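Residue numbers (full-length UniProt numbering): 1 to 155.
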């Protein structure tokens, strides 16, 4: 599925989160939301990205912004990941890939000549009205959380 564009209404979802509940994106209207899509819990880049967002959680809260990480991992894996790295952001399990596909981040990838389907590391900043305000594709982890925070503070 094609990726939504800046200005589009962010596709809604209702998915399990690692704190034993479910998260419906539309329930966060009135706040800004960072959705960071990442490939897999407890891998090097995903761990660094999750820790970076967690370390800035208080600053995002001052900017009235909720941070949500989404991967195809299970709730149980998210819970272990949270505990192991003391993560403070919400982690959402998208095992059926409904949000991953709706946001166009479930894509064909290639490594060492082998093609496979996976998550392209992508971040969306959603405004208070539920519209996509900014998109970061093919994210490089170093400095990314800080760049997203700077953008969220201007919205």
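For glycine and all other residues, C-beta sits at the position ideal for the given N, C-alpha and C. All figures in this text were calculated on a predicted structure; none of them were measured in a lab.
Closest residue to residue i among the options (Cα-Cα distance)
i: residue 102; options: 124, 84 and 86; result: 124
i: residue 65; options: 32, 150, 77 and 111; result: 32
i: residue 72; options: 62, 100 and 58; result: 100
i: residue 155; options: 140, 129, 37 and 143; result: 129
i: residue 98; options: 9, 14 and 8; result: 14
i: residue 104; options: 36, 86 and 49; result: 36
i: residue 93; options: 140, 5, 108 and 77; result: 77
Near the ligand GDP: residue i beta-carbon under 7 Å from a heavy atom
i: residue 132; result: Among the ligands in the structure shown, none appear at all, so the ligand GDP cannot be discussed.
Backbone CA spacing between residue i and residue j [nearest angstrom]
i: residue 81; j: residue 120; result: 20 Å
i: residue 145; j: residue 134; result: 13 Å
i: residue 19; j: residue 84; result: 15 Å
i: residue 24; j: residue 30; result: 13 Å
i: residue 57; j: residue 112; result: 36 Å
i: residue 40; j: residue 47; result: 9 Å
i: residue 118; j: residue 38; result: 9 Å
i: residue 148; j: residue 114; result: 32 Å
i: residue 26; j: residue 126; result: 11 Å
Boundaries (first-last residue) of the alpha helix (DSSP H) holding residue i
i: residue 138; result: Unbroken run through residue 138: none, as it is neither H nor E.
i: residue 71; result: No alpha helix (DSSP H) holds residue 71; the beta strand (DSSP E) holding it covers 65 to 71.
i: residue 48; result: 44 to 55
i: residue 76; result: 75 to 85
Residues sharing a beta bridge with residue i, DSSP
i: residue 108; result: 117
i: residue 35; result: 68 and 124
i: residue 21; result: 17
i: residue 134; result: 125
Sub-8 Å separation of residue i and residue j beta-carbons
i: residue 75; j: residue 34; result: no
i: residue 142; j: residue 60; result: no
i: residue 50; j: residue 89; result: yes
i: residue 131; j: residue 12; result: no
Boundaries of the beta strand (DSSP E) in which residue i is found, first to last residue
i: residue 13; result: First-last for residue 13: undefined, no H or E at that position.
i: residue 102; result: Not the beta strand (DSSP E): residue 102 falls in the alpha helix (DSSP H), residues 98 to 102.
i: residue 93; result: 90 to 93
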